[in-house]
Structure formats: C-alpha cells, structure tokens
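*Asks:* Residues in the sequence shown are numbered consecutively from 890, following the working numbering. Just so you know, even glycine gets a beta-carbon here, dropped at the ideal spot from N, CA and C.
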Amino acid sequence: MDFTDINTRGVVLLGCGKMGGAMLEGWLDRGLSPGAVTVIDPHPSEWLRGTGVALNAGLPDAPAITLIAVKPQMMGDALPSLRGLSDTLFVTVAAGTPIAAYEAAFGTGARVVRAMPNTPAAIGRGITAIVGNGAATQADLDLAEQFLSAVGEVVRLDSEEQMDAVTGLSGSGPAYVFHMIEAMAAAGEAQGLAPDLALRLARATVAGAGALAMKGEAPGQLRENVTSPSGTTQAGLAVLMEELPDLMIRTVRAAADRSRELRA
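1) With a threshold of 8 angstroms, are at least 3 pairs of Cβ atoms found where one atom belongs to the region 912 to 920 and the other to the region 983 to 998?
2) For the beta strand (DSSP E) holding residue 903, just list the boundary residues, first then last.
3) Have a look at residue 1033 and residue 1040 and give me their C-alpha separation to the nearest angstrom.
4) Alpha carbon to alpha carbon, how far is residue 1123 from residue 1097? Give it in angstroms, no decimals.
5) Any chance you could list the alpha helix (DSSP H) runs of at least 4 consecutive residues sitting entirely within the region 1124 to 1150, in chain order?
6) How long is the line joining the alpha carbons of residue 1150 and residue 961, rounded to whole angstroms?
7) Nearest CA to the CA of residue 925: which residue from 1131, 1135, 1045 and 901?
8) Would residue 1022 be called buried (16 or more neighbouring beta carbons within 10 Å of its own) or exposed?
9) Quick check: what's the CA-CA separation for residue 1154 versus residue 908?
10) Identify the residues that DSSP records as bridge partners of residue 956: which are they?
11) Assign residue 1007 to buried or exposed, taking buried as 16 or more other Cβ atoms, counted over all protein chains shown, within 10 Å of its Cβ.
12) So, for residue 894: in the same chain, excluding its five sequence neighbours on each side, which residues have a beta-carbon less than 7 angstroms away from its beta-carbon?
13) At which residues does the alpha helix (DSSP H) containing residue 1076 begin and terminate?
14) So, with DSSP's three-state summary, where would you put residue 1004?
15) Quick one: residues in its chain with C-beta nearer than 8 angstroms to the C-beta of residue 983, no 5 flanking neighbours on either side, listed in chain order?
16) Starting from residue 1042, follow its DSSP beta bridges and name the residues at the other end.
17) Look up residue 927 in the DSSP assignment and give the residues it is bridged to.
18) At what residues does the alpha helix (DSSP H) containing residue 1084 begin and finish?
19) Rounded to a whole number of angstroms, what is the C-alpha to C-alpha distance between residue 1092 and residue 1082?
Have a look at this one:
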C-alpha cells in the first residue's frame, strides 16, 4: 500500500505485544517509516527497541491511525493516554471490548474501527474481520482495510454482533489447528512412529492441506478427492466425522460465549 500520507501524519500503536508486534513488523516490511511510528508500551521488547520507532514519547497531534492493541483488562488504564488525540482513526484489535467502550472514552464522534485479527498475521497469513462505528466513513474503512491487509486478508462484517462468532472461529481458530497437530502427532506415536517423525508428518500434512484448501476448491470436494471407497481414508473419516462436527460447533460456541462475557 501507499504509506505516503500515513508516513506524513504518523501512526500511534498502543501496546506492542504479540499481535501489535506482528502488525508493526508487517507494516515496516511494506514501507512504513519507523520514524512515523510512536509506540506506547511499558515493557518494550529488544526487537521493538531496535526498530527505530519512537518509544513512549510525545504523541503526534493528528495521527492517521491509532492502533489499540492492549489486553481488555488493561483498557481502563491505557485509553486515557490517547484522549488528547484529534482527527485520528482509532483501530482496535482488542478481543471482547465493544465499540461503545471506545466511544465512552473518546466521545461519540470518534471514528472507530473494531478489528479481529489472528496470530498468522505474524507471517503475513492472517485474516482480520473489521466493522466500523457510526462515525467511521467508507474512506475510514478503506484505510483500515488497506492498513490491516499488510498482515493478511481482510473481511468486512455487517454488524458488530458478528464479532463474537469471528472471535470464536478465526480469532481463536489457530489454537484449534495447533492442537489438532498435537493430537495427530500423538496418534502417530501410538501407531509406532518416533515422536519427531510423527510431529513432522502432522505439521506438514496440516500445512499442505491448508495451502491446498486456499486454492479455492470446496473443502468437501477436496476431502472426497482423497477418499477411495472402502479405503484407509474412509475408515479414518468414519470415526472423525461422527465426532468432529458437533465438537467443533461446541468449541466455537464456547469461545464466542466467552467473548460475549468479556464485553458484558
């Protein structure tokens, strides 16, 4: 993307943990000037110190974007530090914190885009869902989408109510896949494979299947392509398909319910 205006006006990043750091790394790799970035973080990492960004310094008056990437439980202490900003687009990636909380902190006229990314953003393979408040314009949503696309795909939601489902599915989803890799590797060990070999096979299988799924063919068709009648895959799927659909429904629902509890 073209960072010209953003490099001129500046960017503020409130919080630079795993997610904030992943996003910052993606933006710097794609042309954002370190000198345009001000990071507010009480415990900056060594990597962050070496990027050349301004750390815990005075804020620009009207940064193009102010990214809020702190944990929900830290919002009460963190948000007041941003109240002096004007004419900025607030983009928040904090789970469970509704747009209303930012409007209460900054005023109902504040332009706010709420976003839910996931951790593959660290390698530019994330997916982020966004939704704006009533004050956010189409241009604001376009800017947020362009900015967030530096770390992966971006989709737009029809309403903020959908964000809890997104949190349960794609926000928390990488952990489900990582656990599946663990479970597959353990299953391979149970069938006599050495632990290192079982883990290598499980990792590559999930990564390769995911890459194949991204080509666009329906996952059901891809599954059928691998499954021969009365073959080994069919025998395994007979077990998995009996349990997995309901288990995944309950898993995503539990995470979505927890997201709803966090904003209650």
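*Replies:* In brief:
1) no
2) Here the question's residue 903 lines up with position 14 in the sequence shown. Its beta strand (DSSP E) spans residues 900 to 903.
3) Within the sequence shown, the letter at position 144 stands for residue 1033. Within the sequence shown, the letter at position 151 stands for residue 1040. Distance between the alpha carbons of residue 1033 and residue 1040: 12 angstroms.
4) Locating residue 1097 in the sequence shown gives position 208, counting from the first residue. Locating residue 1123 in the sequence shown gives position 234, counting from the first residue. When rounded, the distance between both Cα atoms is 20 angstroms.
5) none
6) The residue you call residue 1150 lines up with position 261 of the sequence shown. The residue you call residue 961 lines up with position 72 of the sequence shown. The alpha-carbon atoms of residue 1150 and residue 961 are separated by roughly 12 angstroms.
7) Taking the first residue of the sequence shown as position 1, residue 925 is located at position 36. Cα-wise, what sits closest to residue 925 is 901.
8) Here residue 1022 refers to the residue found at position 133 of the sequence shown. Buried, by the Cβ-count rule.
9) For the chain, the structure presents residues 890 to 1153; residue 1154 sits outside this window and is missing.
10) Within the sequence shown, the letter at position 67 stands for residue 956. Paired residues: 902 and 980.
11) On the sequence shown, position 118 is the one that residue 1007 refers to. Burial call: buried.
12) Numbered from 1 along the sequence shown, position 5 holds the residue referred to as residue 894. If we look at residue 894 and ignore the five residues flanking it on each side, its Cβ neighbours are 953.
13) By one-based count along the sequence shown, residue 1076 stands at place 187. Element bounds for residue 1076: 1062 to 1079.
14) For the purposes of this step, residue 1004 is taken as residue 115 along the sequence shown, with counting starting at 1. Three-state DSSP puts residue 1004 in a strand.
15) As a position in the sequence shown, residue 983 is number 94, starting the count at 1. Closer than 8 angstroms at Cβ, skipping near neighbours: 957, 958, 959, 960, 961 and 964.
16) Start at 1 with the first residue of the sequence shown, and residue 1042 comes out as number 153. Paired residue(s): 1016.
17) Here residue 927 refers to the residue found at position 38 of the sequence shown. For residue 927, which the question treats as bridged, DSSP gives the partners 901 and 943.
18) Looking up residue 1084 in the sequence shown gives position 195. Unbroken alpha helix (DSSP H) run through residue 1084: 1084 to 1102.
19) The sequence position of residue 1092 within the sequence shown is 203, counting from 1. The sequence position of residue 1082 within the sequence shown is 193, counting from 1. So the two alpha carbons sit approximately 14 angstroms from each other.
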